[in-house]
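A.B. asks: Here it is, the structure, as structure tokens.
Number of protein chains: 2
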Amino acid sequence: MTDNTTGKSRRAFLKGAAMTGVGLAAGQANAASPDPLITEVQPWASGLGDGVDAAPYGMPIEYEDDVVRRNVEWLTADTISSINFTPIHALDGTITPQGCAFERHHSGAIELKKEDYRLMINGMVDQPLVFTYADLERFPRENHVYFCECAANTGMEWAGAQLNGAQFTHGMIHNMEYTGVPLRTLLEEAGYDTAGKWVYVEGADASSNGRSIPMEKALDDVLVAFKANGEALRKEHGYPVRLVVPGWEGNMWVKWIRRIEVANAPVESREETSKYTDVLANGVARKWTWEMDAKSVVTSPSPQAPISHGKGPLVISGLAWSGRGAIKRVDVSVDGGKTWQTARLAKPGEKMALTRFYLDTEWNGEEMLLQSRAMDETGYVQPTKAQLREVRGLNSIYHNNCIQTWLVRANGEAENVEVS
Amino acid sequence: MTDNTTGKSRRAFLKGAAMTGVGLAAGQANAASPDPLITEVQPWASGLGDGVDAAPYGMPIEYEDDVVRRNVEWLTADTISSINFTPIHALDGTITPQGCAFERHHSGAIELKKEDYRLMINGMVDQPLVFTYADLERFPRENHVYFCECAANTGMEWAGAQLNGAQFTHGMIHNMEYTGVPLRTLLEEAGYDTAGKWVYVEGADASSNGRSIPMEKALDDVLVAFKANGEALRKEHGYPVRLVVPGWEGNMWVKWIRRIEVANAPVESREETSKYTDVLANGVARKWTWEMDAKSVVTSPSPQAPISHGKGPLVISGLAWSGRGAIKRVDVSVDGGKTWQTARLAKPGEKMALTRFYLDTEWNGEEMLLQSRAMDETGYVQPTKAQLREVRGLNSIYHNNCIQTWLVRANGEAENVEVS
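Top line first, the protein sequences correspond to chains A and B. By the count of full-length UniProt numbering, the first sequence reaches residue 420 at its end, each step adding exactly one. By the count of full-length UniProt numbering, the second sequence reaches residue 420 at its end, each step adding exactly one.
See the structure below:
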């Protein structure tokens, strides 16, 4: 960007762009109407701030207290068997801090001390075993960043545009760096019978939330995890130990995991028959729909993150993911899917982890129908809502991975809409 | 690990290992003396837990309330110009949650609203510019995981073994995923004069903490960052905007950054003359010692994380990093550096980011002199304390990257010691 004739560089990216906060032509210092925040000594530059003992555990600053998990009161009968949503509209990058990572409980978040923790492996094994927390720490550990998405994420959108904000339409997802022991290691320790084609996993909470997992997956990449983003798990995410089932629906990531039974058939539990199955238009239910299909959403601008400036440079940003591997490409449309531009991925996609995408663009100040569509390494392309309905009908709750549309108005505000 | 003759698999990793919490031969279910935590219904399995509205922002569970930043009272005269330490002994993986990431202030952590935030670029530029926070959000962003290490980390160890715990000897470090705008982009926007070989950067706090940075580095990988691990920065880490200077000493990562001046010479400020220079044995001070040398430390076992079980399987774990690029290899010694074993890296090292290493070993129950040594992609090998002292003498405070030794006793307790 250097102009070699003058020895100067200049991008003038914001030159002539709409005015922002200080009322200057973007970014320019203005001698004629000086900004007191520049010309005057401010209290924070002339006094002392907080000492290092102010907070042993640091919390977000008060000005960010709207960046929190939120539930939707009318969605569930009570808060015990309920859900809240990650504020994805206000986050950037890919890591989700534990403090704002969504929760989903079937009988509430239980309090279970490490000393009281036990994990049993039984069924078709050479030797049934019971592990304490301290036992688990003696096995070789792995670290992996994975997304966890509730199968019901975006579920309210089957029938139409319901919830106004990316937090509520797509916020049943989080993405953390897990540390744990491969389930394979523990199954080998117990001496699993290779005739056992399934494991049945259950949690220590009252719901138990039992699920059947094919042995092939159990031996592949499932983790018995005790840390997320370096720290102990939060209570609401299964402290002290939860299952991590990469790419598969969040319901299978059993929290407070207490038992793993090796079996030769699935249990067909409540959570995999009357729940977490998808009734098609003809009344037949799809089951064993474990993998989360490739999906994406624009997080900014979005209904909770409107454009606060006028036309000119605009960063459109969002998240993409796939339960079948790495994200390869994300396209963005500003005209409801008529034309598409390929977004920039902040980093090459990683398997079963969130990918951040950006489209650095110029906004003409006119209304947009904003969409994104993800493509994963299998070649799968995220479908439109119409395409998804054609195959699945309108009865489903789970596994809605359709392209999301935000109508962005000329004033920068956005809302959740359907396009035909 | 499958035994094809029986159709069973068995690792028996913990078989015969010392007993742990439940008083069983590791992990084995014991019918003779049943564990009531297995045989009886527990309260958490028969009642309801907390609902999803219990905490909009989730905090660590009460049982983890010792996993916090701590300061050392006698180290500084007050807490305003002071330091606290990341509890690295209790963390795993590589990401440091903001809530437990160390703080270092020169005049306290200030409170600065996004609306009040201004960033000036002036000096040898075509057009001096003042950016608001909203302006910054309109430039293309990047995401990178980087470590930030205070130059004084391990500084108390020059003279001898001083502080008893990895948190205190090596806890002036954190590792986060940053989102921000490359400084290069903003310098280009202002039209920097290519004759300007330096930038001088200062913060909005009373100390201003001004530092000179070579233009080559400023144009390379420095970020003007506003998010860490997805969220807004914590107040104590520079909310709303800080500088990220990958691989270079933490003091240069100016918090609450308010001004960047393009200049043809360094300022030689307080923070780069009387402070953050290293007086050698002959009285001459090394200066411009920006890069953090390759370093590592065993975080577990360590004085704050003793071995809680007897002999048998033991996971030795720690962190390694280099300001000059990626970590290539980490070796671990249990005999004070006489013999070394190569540790397993949880992932291939990434540039200027923490790398987690593990040595999955068998402990014979005897005393160990535990050490780790890091090697980076430049071929540099972390030195012993004796080697470092030979070159640098004993006057230094900063840039102590020597090999750390923990004496682990037969009872599992550990302490900070020196070996000759």
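Cβ atoms here follow ideal geometry from the backbone N, Cα and C, with glycine treated the same way.
For A/MET1 and chain B, any beta-carbon pair shorter than 8 Å?
C.D. replies: Low confidence applies here, because A/MET1 scores a pLDDT of 35, under 50, leaving its location unreliable and the question unanswered by this model.
A.B. asks: Spatial neighbours of A/THR289 within its chain, please: C-beta separation below 8 Å, excluding the five flanking residues on both sides.
C.D. replies: Counting only Cβ-Cβ distances below 8 Å, and skipping sequence neighbours, we find ALA151, GLU249, TYR276, THR277, ASP278, TYR398, HIS399.
A.B. asks: With a 10 Å radius around its C-beta and 16 neighbouring C-beta atoms as the bar for buried, classify A/GLU188 as buried or exposed.
C.D. replies: Looking at its Cβ environment, which holds 16 or more other Cβ atoms inside 10 Å, A/GLU188 is buried.
A.B. asks: With contact counted as at least three CB pairs below 8 Å, one residue from each stretch, are the stretch 152-170 of chain B and the stretch 116-130 of chain B in contact?
C.D. replies: In short, these stretches do not touch, since the Cβ pair count stays below three.
A.B. asks: Tell me whether B/SER107 is buried or exposed, calling it buried when 16 or more other Cβ atoms sit within 10 Å of its Cβ.
C.D. replies: Per the 10 Å Cβ criterion, buried.
A.B. asks: Taking 8 Å as the cut-off, decide whether the C-beta atoms of B/LEU359 and B/ILE316 are in contact.
C.D. replies: Going by C-beta atoms, B/LEU359 is nearer than 8 Å to B/ILE316.
A.B. asks: How would you label B/ALA320, buried or exposed, when you count the other beta carbons within 10 angstroms and need 16 or more for buried?
C.D. replies: Buried, because 16 or more other Cβ atoms sit within 10 Å of the Cβ of B/ALA320.
A.B. asks: With DSSP as the reference, please indicate the residues paired to B/LYS295 in a beta bridge.
C.D. replies: B/LYS295 is bridged to B/TRP321.
A.B. asks: For A/ARG211, decide whether its Cβ has a neighbour in chain B, counting only Cβ atoms nearer than 8 Å.
C.D. replies: No, because no Cβ of chain B sits closer than 8 Å to the Cβ of A/ARG211.
A.B. asks: Is it true that the stretch 118-129 of chain A meets the stretch 172-191 of chain A, where meeting means three or more beta-carbon pairs spaced less than 8 Å apart?
C.D. replies: Cβ pair count under 8 Å is three or more, so yes.
A.B. asks: Buried or exposed: where does B/ARG70 fall if 16 or more other Cβ atoms within 10 Å of its Cβ makes it buried?
C.D. replies: Buried.
A.B. asks: Would you kindly work out how many angstroms separate the C-alpha atoms of B/THR76 and B/THR169, rounded to a whole number?
C.D. replies: Whole-angstrom Cα-Cα distance: 15 Å.
A.B. asks: Going by beta carbon distance, what residues of the same chain come within less than 7 Å of B/ARG329, once the five residues before and after it are set aside?
C.D. replies: Hits under 7 Å: THR342, MET375.
A.B. asks: Is it true that the stretch 211-221 of chain B meets the stretch 162-177 of chain B, where meeting means three or more beta-carbon pairs spaced less than 8 Å apart?
C.D. replies: Taking 8 Å as the limit for Cβ pairs, the verdict is that the stretch 162-177 of chain B does not touch the stretch 211-221 of chain B.
A.B. asks: Please list the partners that A/THR355 has in chain B, where partner means a Cβ-to-Cβ separation under 8 Å.
C.D. replies: Under the 8 Å cutoff, chain B gives no residues; its nearest Cβ is about 10 Å from A/THR355.
A.B. asks: Answer with yes or no whether the minimum CB distance from B/LYS385 to chain A is below 8 Å.
C.D. replies: No, B/LYS385 does not count as interfacial toward chain A.
A.B. asks: Are the C-beta of B/ASP221 and some C-beta of chain A separated by less than 8 Å?
C.D. replies: With 8 Å as the cut-off, B/ASP221 does not count as an interface residue toward chain A.
A.B. asks: Can you check whether the C-beta of B/ASN84 is within less than 8 Å of a C-beta belonging to chain A?
C.D. replies: Taking Cβ atoms only, chain A reaches closer than 8 Å to B/ASN84, which makes this a yes.
A.B. asks: Hey, would you say B/ARG344 sits closer than 8 Å to B/TYR380, going by beta carbons?
C.D. replies: Taking 8 Å as the Cβ cut-off, B/ARG344 and B/TYR380 do not qualify as a contacting pair.
A.B. asks: Below 7 Å on C-beta distance, what does A/ASN71 contact in chain B?
C.D. replies: By Cβ distance, chain B contributes VAL52, ASP53.
A.B. asks: Here's the rule: buried if 16 or more other CB atoms are within 10 angstroms of the residue's CB, otherwise exposed. What is B/PRO43?
C.D. replies: Exposed, because fewer than 16 other Cβ atoms sit within 10 Å of the Cβ of B/PRO43.
A.B. asks: Closer than 6 Å by C-beta to B/ASP331: which residues in its own chain qualify, once you throw out the five before and the five after it? Chain order, please.
C.D. replies: Excluding residues within five positions, the ones whose Cβ falls inside 6 Å are TRP340, THR342, ARG373.
A.B. asks: Could you give the uninterrupted runs of the beta strand (DSSP E) lying entirely in the stretch 136-172 of chain B, keeping only those of 3 residues or more?
C.D. replies: Entirely contained in the stretch 136-172 of chain B, the beta strand (DSSP E) runs reaching 3 residues are, in chain order, 142-149.
A.B. asks: How about A/SER107: is its C-beta nearer than 8 Å to some C-beta of chain B?
C.D. replies: With 8 Å as the cut-off, A/SER107 counts as an interface residue toward chain B.
A.B. asks: Could you name the residues of the same chain whose beta carbon sits closer than 8 Å to that of A/VAL298, not counting the 5 residues immediately before and after it, in chain order?
C.D. replies: Same-chain partners within the cutoff: ALA166, ILE316, SER317, GLY318, VAL332, LEU370, GLN371, SER372, GLN404, TRP406.
A.B. asks: Who are the neighbours of A/THR39 on chain B, taking C-beta pairs under 7 Å?
C.D. replies: Correct list: empty, because the minimum Cβ distance to chain B is about 10 Å.
A.B. asks: For chain A, find out if any of its Cβ atoms is closer than 8 Å to the Cβ of B/ARG234; answer yes or no.
C.D. replies: Judged by the 8 Å Cβ criterion, B/ARG234 is in contact with chain A.
A.B. asks: If the cut is a Cβ gap below 8 Å, which residues of chain B does A/ASP78 touch?
C.D. replies: What A/ASP78 touches in chain B: GLY51.
A.B. asks: According to DSSP, simplified to helix, strand and coil, what is B/ILE80?
C.D. replies: Note: B/ILE80 maps to coil in three-state DSSP.
A.B. asks: From the DSSP output, in three-state form, read off B/GLY250 for me.
C.D. replies: Residue state, collapsed to three classes: helix.
A.B. asks: Is it true that the CB of A/ASN264 sits closer than 8 Å to the CB of A/ALA195?
C.D. replies: Yes.
A.B. asks: B/CYS100 touches chain A at which residues, Cβ-Cβ below 9 Å?
C.D. replies: What B/CYS100 touches in chain A: PRO56, TYR57, GLY58, GLY230, GLU231.
A.B. asks: Which residues does DSSP pair with B/THR132 in a beta bridge?
C.D. replies: Answer is B/ARG118.
A.B. asks: Can you check which of these residues, A/THR185, A/HIS105, A/ASP220, A/VAL181, is closest to A/SER207 by C-alpha distance?
C.D. replies: Checked all of A/THR185, A/HIS105, A/ASP220, A/VAL181; the closest Cα to A/SER207 is A/HIS105.
A.B. asks: What does a CB cutoff of less than 7 Å around B/GLU291 pick up in its chain, not counting 5 residues either side in sequence?
C.D. replies: Contacts found: GLY247, TRP248, GLY323, ARG324.
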